[in-house]
Each structure stands twice: as structure tokens, then as C-alpha cells.
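Written out below as C-alpha cells is the structure these notes cover.
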Amino acid sequence: MQRKRYIFGILLAIAVIAVNQSFIQYWLHKKNQDARVLNLSGRQRMLSQKINIEFHQFEEGQSTLDQVKKHNDEWRQIHYALLNGDDAIEIDAVDDEMARNLLAQLNENVEYISNLLEQVSYTSDIDVNTIDKNQEAFLEKMDLVVKNLELSSDRKLRFIVLVEIILAVLSIIIISLEVIYIYLPIEKRLSKTVERLSSSENKLGAIMNSTNDSHILIGTDFQILSFNKKAQENSQLLLHKDLKEGNKIWEYLIDIEKEVFKKNADIALSGQSAFHQIETNFNKTTQWFEISYLPAYGKGNELIGVTFSSTNIDIRKEAEQEIKTQNERLAEQNRKLKQIAWEQSHETRRPLANILIFLDLLKSDKEADQERKDEYLEYLSQSAHQLDEIVERITISALDTKKEN
1 MQRKRYIFGI
11 LLAIAVIAVN
21 QSFIQYWLHK
31 KNQDARVLNL
41 SGRQRMLSQK
51 INIEFHQFEE
61 GQSTLDQVKK
71 HNDEWRQIHY
81 ALLNGDDAIE
91 IDAVDDEMAR
101 NLLAQLNENV
111 EYISNLLEQV
121 SYTSDIDVNT
131 IDKNQEAFLE
141 KMDLVVKNLE
151 LSSDRKLRFI
161 VLVEIILAVL
171 SIIIISLEVI
181 YIYLPIEKRL
191 SKTVERLSSS
201 ENKLGAIMNS
211 TNDSHILIGT
221 DFQILSFNKK
231 AQENSQLLLH
241 KDLKEGNKIW
251 EYLIDIEKEV
261 FKKNADIALS
271 GQSAFHQIET
281 NFNKTTQWFE
291 ISYLPAYGKG
301 NELIGVTFSS
311 TNIDIRKEAE
321 QEIKTQNERL
331 AEQNRKLKQI
341 AWEQSHETRR
351 PLANILIFLD
361 LLKSDKEADQ
371 ERKDEYLEYL
381 SQSAHQLDEI
391 VERITISALD
401 TKKEN
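When the letters of the sequence shown are read in order and numbered with my numbering, they come out as residues 1 to 405.
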């Protein structure tokens, strides 16, 4: 709806300007025509007097008939041009009714001189008194024509001024209505949109700059488009250089890193993600970072570049190492437990079996003398001691395993 109002406002403004310009151009043409008509009307008076004088000079032998005819032809052409218009001299017909009527009455005076010139051959053929009266009558009416043309021109000028004032007021009203009902609402909406975008940008900037991760947005031509605070800090700390938008990323990479970067950046520019981990040593401190190359998309899901990020993963690495150590410890404990189980199931069986055998012999050998019984008892004692040693060793191993847990 706002878009339609905006287009309507623009079209309306164009229409007002077009009407104003059309009106101005039309009446400028009219004024130019009026000025030309007045100029030619004044020339008609001059030519009529010139013709009258040349008739007198012709009578006295000081001028020629051709000279008189030349001025008469011009005088006659201008007269009918004023009355009917003439494209040859680029003039429109007089549009004032009173002036046209007076010009029509002057046809008789103009034609009188023309007819006279066709008949005259010698000075004796002309009557200068009649010519004087004809030209004097022409001048009187021509003065009235000029006066009426001037009055008509003044009326047109007043009309132009009035219409210009009306159009100016109308333009001001239309522009004011456009501003109130079209442009101000659009401006308010744009202001709110800009405010929301600014707020979103500030929030995004706050989020990006509050993280310990480094982020650099790189264009498809490998120019730096944007970066966060942490990326700038890392560049200053490690490279002693400031990141600058528009600079090539190659300025901030050493030769050994450029090949790895180019390989992974090309993967991201193909629409896929790439990751790798690096171990760094700075100020005698080892740190682990995960480097990510993610495709960056703009408006319309258009690929605009690569988001190059580095995240400190020391905690993750410590956790992984702890898990590895714990797994090794558990494996060792499991080995010991298996050893204990094996000893319980195998090593204790032999002395226990011997004890059972010698006990059975003591019970079943009725013919055994005291010496043999003592021998059986000695074997029983040895087997009991072996069993005791095995049990003690198992107990110690079990206690050690428990302590490790």
C-alpha cells in the first residue's frame, strides 16, 4: 500500500510539473507571437509612411517606381500575415477580434496602393493628395490596431500571472498533501525500519564482539568485508597489523598458511564447510584452535564470500586428554582385574587341590604310619602357605586397584 502511495505521489508531482510547464510554454509562445505582431504592426506604420514619402519622391523624380513597389510588396505581405497568419515569416494570425476587424477594414487601403502601382507608369499618373489621404487613414486605423493589440497583450499577461498564481497555489497544496499523507508516513516507516536495522546491527555487533571467537567475513575476491573485535585484537597481538576492510586477506597470512587457507576457502566458496585444528605456541604457551571456513550468503541466498573463524579449543583438548588418560587408567585397571580373576580362578586352584588331596589321603590311608602322616601334614602346610600367599597377593592388588579408582 505504501509503495502504491509513493508511486501515486511521484506521478502526481510529475503531472503537476508537466501541466505547469505546458502552460508556461504555451503562453510563452503566445507572448512571443504578440511581441512579434506588435513589432510588425509598428513596422506597418513605418512602411505606410515610407511608401507615402517615396510616392512624393517619385513624383519629383528622386525615386523609382520599383523602389515603391518593393516596399509595397513587404507592406502588403505583412498586412495579410497579420490578418491570416504566414508560415514563411513564422507568424500567427491576430486573435484579438477588434484588431482583426480593423485590419480587415484596412484591406481597402492596402489594395488601393497595390492597384495604383499596377496602373502607374509616369509621374503624371499619380495623385499624391489621394495617396496622402489613403495613407493617413491607414495610419489612424493602424494606431487603433496597435492599441488594441497592446491591450490584448496586457490582458493575456494578467491572465498568465493569475493562472500562474493559481497553479503555484495548487502545486503547494498538492505537494503539502503529498508530504502529509504520502511522504511523512513513508518517512516514519523508513525511520522505524532504519531504527530496527540499527538496533539489530548493534545487537549483532554486541554479540559478535562479546565472544572470544575470531570472525572475519571475506568476499569472493578475498577482500576483507567485515570483522569482529576479537579478530582485530588477534591481528594486533600476533601480527602487529590492523585489519582493514577492503584489504586482501593474503596480507595477514604467512606463506605456509596461504595454501591451506586457499584450499579450505575454495571448499567454502563451493557451498560446503571446512574445518581443521592447529596448535600454536605464543609466549611459551601452547594453545589449540579450531579453524572453520563457512559459506556466507547474502540477500536472496546469494553466495557473497567466506566466514573465516577461529575458536580456542584448549578446554576441549584438555577434556579429550583427560578422557584419554582415564581410558588408559581404566584399561590398566581392567588388566589388573583380569589378572586377579585369573589368579583367583587358576593359581588358587592348585594349592587348594593339593590340600583336598592330602586331606583325603589322611582319611583314607588306614595303614599309614606316623611318619607318613607327618609327611601328609607337611604337604598340607606347604599348600596352605602357597594359598595364603596367593590370597595376600590378590588382596593387595585389589586394594591398589581400589585406591587408583
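Using N, Cα and C, we set each Cβ at its ideal position, and we do this for glycine too.
Inter-residue Cα distance where the pair is residue i and residue j
i, j, result
"leucine 167", "proline 185", "26 angstroms"
"leucine 28", "leucine 149", "16 angstroms"
"isoleucine 97", "aspartate 86", "The sequence shown places glutamate at residue 97, rather than the isoleucine named in the question. Taking the straight line joining both Cα atoms gives about 18 angstroms."
"arginine 393", "leucine 356", "22 angstroms"
"asparagine 247", "asparagine 20", "52 angstroms"
"leucine 238", "threonine 280", "11 angstroms"
"histidine 276", "lysine 229", "23 angstroms"
"serine 381", "isoleucine 396", "22 angstroms"
"glutamate 257", "serine 191", "45 angstroms"
"isoleucine 24", "isoleucine 175", "19 angstroms"
"asparagine 327", "glutamine 287", "23 angstroms"
"tyrosine 181", "alanine 18", "22 angstroms"
"leucine 157", "valine 163", "10 angstroms"
"glutamate 375", "alanine 384", "14 angstroms"
"isoleucine 126", "phenylalanine 159", "49 angstroms"
"glycine 298", "serine 198", "18 angstroms"
"glutamine 321", "aspartate 360", "57 angstroms"
"lysine 30", "aspartate 95", "10 angstroms"
"asparagine 72", "alanine 13", "53 angstroms"
"threonine 130", "glycine 42", "23 angstroms"
"leucine 330", "asparagine 301", "50 angstroms"
"valine 161", "aspartate 132", "43 angstroms"
"valine 110", "isoleucine 173", "54 angstroms"
"alanine 296", "glutamate 259", "21 angstroms"
"lysine 324", "arginine 372", "60 angstroms"
"methionine 46", "leucine 103", "16 angstroms"
Cβ pair residue i, residue j closer than 8 angstroms
i, j, result
"isoleucine 278", "isoleucine 291", "yes"
"methionine 142", "glutamine 33", "no"
"serine 114", "arginine 76", "yes"
"alanine 93", "asparagine 84", "yes"
"aspartate 213", "serine 310", "yes"
"proline 351", "leucine 377", "no"
"valine 120", "leucine 65", "yes"
"tyrosine 293", "asparagine 334", "no"
Pick from the options that is closest to residue i, judged by C-alpha positions
i, options, result
"isoleucine 304", "Val179, Val120, Leu12 and Gln223", "Gln223"
"threonine 285", "Asp314, Lys133, Thr325 and Val163", "Asp314"
"isoleucine 7", "Lys70, Met142 and Tyr183", "Tyr183"
"threonine 307", "Ser226, Gln236 and Tyr112", "Ser226"
"tyrosine 379", "Gln333, Asn354 and Phe159", "Asn354"
"leucine 170", "Glu259, Asn334 and Ala15", "Ala15"
"leucine 11", "Leu330, Glu178, Phe289 and Ile249", "Glu178"
"glutamate 74", "Ala88, Asn312, Arg189 and Pro351", "Ala88"
"glutamate 318", "Tyr293, Arg335 and Phe289", "Phe289"
"isoleucine 91", "Ile131, Phe23, Lys31 and Arg36", "Arg36"
"glutamate 245", "Ile218, Ala13, Lys133 and Lys188", "Ile218"
"aspartate 406", "Trp250, Lys147 and Ser198", "With the chain represented from 1 up to 405, any question about residue 406 goes unanswered, as that position is not in the structure."
"valine 128", "Lys70, Glu60 and Ile165", "Glu60"
"threonine 211", "Ile173, Asn312, Thr193 and Met46", "Asn312"
Close beta carbons around residue i, own chain, < 6 angstroms, minus the five adjacent residues each side
i, result
"glutamine 135", "Ser48 and Asn52"
"serine 270", "none"
"lysine 4", "none"
"leucine 151", "none"
"alanine 99", "Val145, Asn148 and Leu149"
"glutamate 195", "none"
Own chain partners of residue i with C-beta closer than 7 angstroms, once the 5 adjacent residues on each side are dropped
i, result
"leucine 253", "Phe261"
"lysine 241", "Ser235 and Tyr252"
Cβ-based neighbour list, residue i, same chain, cut-off 8 angstroms, excluding 5 preceding and 5 following
i, result
"valine 68", "Ile51, Glu54, Phe55, Phe58 and Leu117"
"leucine 106", "His79, Phe138, Lys141, Met142 and Val145"
"leucine 243", "Ile216, Ile224, Phe227, Ala231, Gln232, Ser235 and Tyr252"
"serine 63", "Glu54 and Gln57"
"tyrosine 112", "Asn134"
Contact belief for residue i with residue j at Cβ below 8 angstroms, rounded distance in angstroms
i, j, result
"serine 153", "leucine 38", "7 angstroms"
Test: residue i CB closer than 8 angstroms to a CB of chain B
i, result
"arginine 335", "Although the question refers to chain B, the structure presented lacks it and comprises just one protein chain."
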